[in-house]
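J.: Residue numbers (numbering that gives the first Met the number 0), protein chains in the order written: chain A, 0 to 308; chain B, 0 to 160.
Quick reminder that beta carbons are idealized off the backbone N, C-alpha and C, glycines included.
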Amino acid sequence: MSFKFIKFALLVFLFIGMKDPAFAATCSCAGVPLLTTIDTSASEKGEFFISYSTEFHQISDLVSGTKNVNDETDRDRNSFSQVLSASYAMTDRWSVSALVSYVKHNRTIGSSFLGKTTTSGIGDSVILLRYTPLFITPFSRHLISLGLGVRIPTGDDDFGDNFVLSEDMQPSTGAYGEILWTSYSYAFNQAATVQFNTSANYTVNEENDRKYAFGNEFNLFSGISHAIGSKFGYSAGLRYRTTRADRRFGFDIPNTGGQWLDFIPGISYAVTNHLNLGLSGRIPVWRKLDGVLQFTTSYAYSFSLSYGF
Amino acid sequence: MASDLLKLLSLMLLLAQPVLAQESAPLFSGVDLNTKKQINLSDFRGKVVFVDFWASWCAPCRASLPAYDQMRQEIGTEEFEIIAINVDENTEDGLKFLAEHPVSYPVLADPEGDIGISYGIRSLPRSFLLDRNGQITATYKSFKEGDEIKLKQEIEVLLKQ
């Protein structure tokens, strides 16, 4: 077993075993894009990547079906998440990725300080094992990768003083999830500086201790990326996301679930051969939400830093 | 169900661990783009050989080819040789690059990737150091100025063996 793999395994166990007593909190990763931030860079035997990303997610749009509704409740809701992710390639075809999240939710209703609620703590973690039968090389334009993973409720999910706060305000879901993941890329030139990328994932969400289950979720992303020289790159893509209604004791919860289509632009800069910076946004294009009214994404932006060796 | 899946993933992780072993360099042959002579890797058995894959679109190759040429002149070719493999889909692009960055060592064209695939090339530049018995002793995945100094030291160690 190589030294890099041992380092990777140690990191994974540190992440997963980590609890933060100062934030003895809760968990619900609502709005935390775990699978879109997981680092899947390591693709060649012995490669090890570690990345850190943050995302600010504003959740203030009030939507009925496909239409925006004026919100006169003076309500503000946002989430700030931090994700530490690592990936290691054991062989040229088999690799493993893992991440741990730290989540802070803010909710303000009205102008009084009594209406402000903040929760924070370790969120969920994910382990994803990937098999890549086909990859982009100077002699092949296609990449296909398949993955199987588990979402692990590493944080607490019972935040609240006299009563437990709603699930979307918990830093972790409190429940396991099973993940199917796949990715395909096509390089338009031999140098692979222009690529079409698409990836899809499906998560089956189980019930937490309070018999609450987030709706099963499907994500499909498609986009184009372009590297300019060896330093700069930009990308643009669309992400379609659909979730079933959340459930409690097996019964659907009203005003949960729906479909979203977001535009995701991004830029990247390679500081060195090993260090990369990235900046991306998430802008709603269309949505069709279940139920009468739902608060949903207004916009999101994220910053990432990754190091490979 | 998720905990069973976690156990399965752990098992697959262990099974996916590679077996580490020193590999024999795949043999290849071709025509030198500079001299038009036939080149066979097997003819260099007994010498330390540095096999370098490159392409005209590979930015670090602009620096690596002249650096390797200089290194070859310093080491000499009695017991050492460099063989470069150009993987441009259009070999003309490689020839244009060589006109701007000429080298004195053999350069073979591999537009179809026959040699590159046998060496498992995933990205460029990529090079391999072979001992006198044709065993791959080191692989290099990138190039930056100054890398040739460490490489030269590694070659000199192999030359003493």
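(1) Output needed for R71 of chain B: all residues of its chain with C-beta closer than 6 angstroms, excluding positions within five of it in sequence on either side, in chain order.
(2) May I ask you to list, following chain order, the residues of the region 123–134 of chain A that have a beta carbon less than 9 angstroms from some beta carbon of chain B?
(3) Mind checking who W56 of chain B pairs with in its DSSP beta bridge?
(4) What does DSSP give as the partner residues of I264 of chain A in its beta bridges?
(5) Report the partner residues of A85 of chain A according to the DSSP bridge assignment.
(6) Spell out whether any CB of chain E is found under 9 angstroms from the CB atom of P25 of chain B.
(7) For a minimum of 3 consecutive residues, which ranges assigned as the beta strand (DSSP E) are wholly contained in the region 77–124 of chain B?
(8) Please state the DSSP three-state secondary structure of L26 of chain B.
(9) Among residues of its own chain, excluding the 5 on either side of R61 of chain B, which ones have a beta-carbon nearer than 7 angstroms to its beta-carbon?
(10) Hey, how far is the Cα of F250 of chain A from the Cα of I263 of chain A?
(11) Looking at the secondary structure, which residues open and close the alpha helix (DSSP H) in which D146 of chain B lies?
(12) Quick one: which residues of the region 51–72 of chain B get their C-beta closer than 9 angstroms to a C-beta of chain A? List them in chain order.
(13) Going straight from the alpha carbon of K143 of chain B to that of D123 of chain A, what length do you get?
(14) Would you mind sorting K159 of chain B into buried or exposed? The rule is 16 or more other CB atoms within 10 Å of its CB.
(15) Can you tell me the Cα-Cα spacing of I252 of chain A and A244 of chain A, whole angstroms?
(16) Going by C-alpha to C-alpha distance, which of A:R209, A:V99, A:N196 and A:N204 sits closest to F220 of chain A?
(17) Assuming G45 of chain B contacts R131 of chain B under a Cβ cut-off of 8 angstroms, what Cβ separation, rounded to an integer in Å, is found between them?
(18) Just how far apart, CA to CA, sit P124 of chain B and R240 of chain A?
(19) In chain B, which residues lie with their C-beta within 8 angstroms of the C-beta of G190 of chain A?
(20) Here's the rule: buried if 16 or more other CB atoms are within 10 angstroms of the residue's CB, otherwise exposed. What is N161 of chain A?
(21) To be precise: take each residue of the region 120–134 of chain B, compare its Cβ to all Cβ atoms of chain A, and keep it if any distance is under 8 angstroms. Which residues remain?
T.: Taking the structure as given:
(1) I81 and Y104
(2) I126, L127, L128, Y130 and F134
(3) DSSP lists no partner for W56 of chain B.
(4) Going by the sequence as given, residue 264 of chain A is Pro instead of Ile. DSSP output for P264 of chain A lists A:A235 as bridge partner(s).
(5) A:I49 and A:A97
(6) Among the chains of the structure shown, chain E does not appear; the protein chains present are A and B.
(7) 79–85 and 106–108
(8) coil
(9) H100
(10) 34 angstroms
(11) D146 to K159
(12) F52, A54, W56, C57, A58 and P59
(13) 39 angstroms
(14) exposed
(15) 6 angstroms
(16) A:N196
(17) 5 angstroms
(18) 39 angstroms
(19) In the sequence on display, residue 190 of chain A carries Ala and not Gly. Going along chain B in sequence order, the residues near A190 of chain A (Cβ under 8 angstroms) are A54, W56 and C57.
(20) exposed
(21) I120, R121, S122 and L123
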